[in-house]
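> Mind looking over this structure? Questions follow.
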Amino acid sequence: MHEEKLSYGKKVDNLVFYILIPSFLISVWPMFITSEAFWVLLIINLLTWGFIYWAFKSTDTCIANDLLIHNTGPISWEIEIENIVEVRSKSKSMINHGTWSMDKMDIIYYENYKKTLSIAPLLKEELINKLVELNPKIKLS
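Numbered per this note's numbering, the sequence shown spans residues 39 to 179.
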């Protein structure tokens, strides 16, 4: 079966870098003050910042077959498009599902009970249009 995969990217706020770069510098600074803890701090920093980098690089929202897929690092959400009941173009959720922007949108869907996924795709309008094309029953708000 041929699988068509449409990627909608990730939106990234500059604020993320204004927070991450100073955090990185603050976390690295103690490595050069106490030499006996250098290797321990180096390993902890490599693991921590490696995980953050992996989550950043792998964050993506796409549509493959009849699934909306949102990935970030080791976590993945797969939602059947027919189960989506509403799309909010402005998120009301304080929960961050692996997004790098405050300009999020909410996907409300049923999977045994009503759930919400907050995502921040780069091509937000194109994603909304494609979801409505695939499931005309989706309510837009």
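Built from N, CA and C at the ideal position, the CB exists for glycine as well.
Quick caveat, the model's predicted, so the values are computed rather than measured.
Using only the alpha-carbon positions, how far apart do SER73 and LYS128 sit?
Spanning the two alpha carbons is a distance of roughly 48 Å.
> Between ILE176 and the rest of its own chain, which residues show a CB-CB distance below 8 Å, the 5 nearest in sequence each way excluded?
Counting only Cβ-Cβ distances below 8 Å, and skipping sequence neighbours, we find ILE122, VAL123, GLU124, VAL125, LEU169, VAL170.
> Could you give the DSSP three-state label for GLU120: helix, strand or coil?
DSSP places GLU120 in helix when its eight states are reduced to three.
> To the nearest angstrom, how far is it from the Cα of THR110 to the Cα of ASN150?
The straight-line gap from Cα to Cα measures roughly 23 Å.
> Under the three-state reduction of DSSP, which class applies to LEU155: helix, strand or coil?
In this structure, LEU155 counts as strand in the three-state DSSP scheme.
> I need the DSSP call for ASN83, collapsed to helix, strand or coil.
The answer is helix: DSSP assigns ASN83 an H, G or I state.
> Indicate the three-state DSSP secondary structure (helix, strand or coil) for ILE145 in the structure shown.
Strand at ILE145.
> Pull up the distance between the alpha-carbon of MET143 and that of ILE119, whole angstroms please.
Spanning the two alpha carbons is a distance of roughly 16 Å.
> Taking 8 Å as the cut-off, decide whether the C-beta atoms of LEU53 and MET69 are in contact.
No, Cβ-Cβ distance for LEU53 and MET69 is not below 8 Å.
> For LYS128, does the three-state DSSP call read helix, strand or coil?
Three-state result, LYS128: coil.
> Cutting at 8 Å between CB atoms, please list the residues of its own chain near TRP138, excluding the five before and the five after it.
LYS48, LYS49, VAL50, ASP51, VAL54, PHE94, THR97, ALA158.
> With which residues is ASP98 paired in a DSSP beta bridge?
According to DSSP, ASP98 bridges with ASN109.
> Reducing DSSP to helix, strand and coil, say where LYS49 ends up.
Reduced to three states, the DSSP call for LYS49 is coil.
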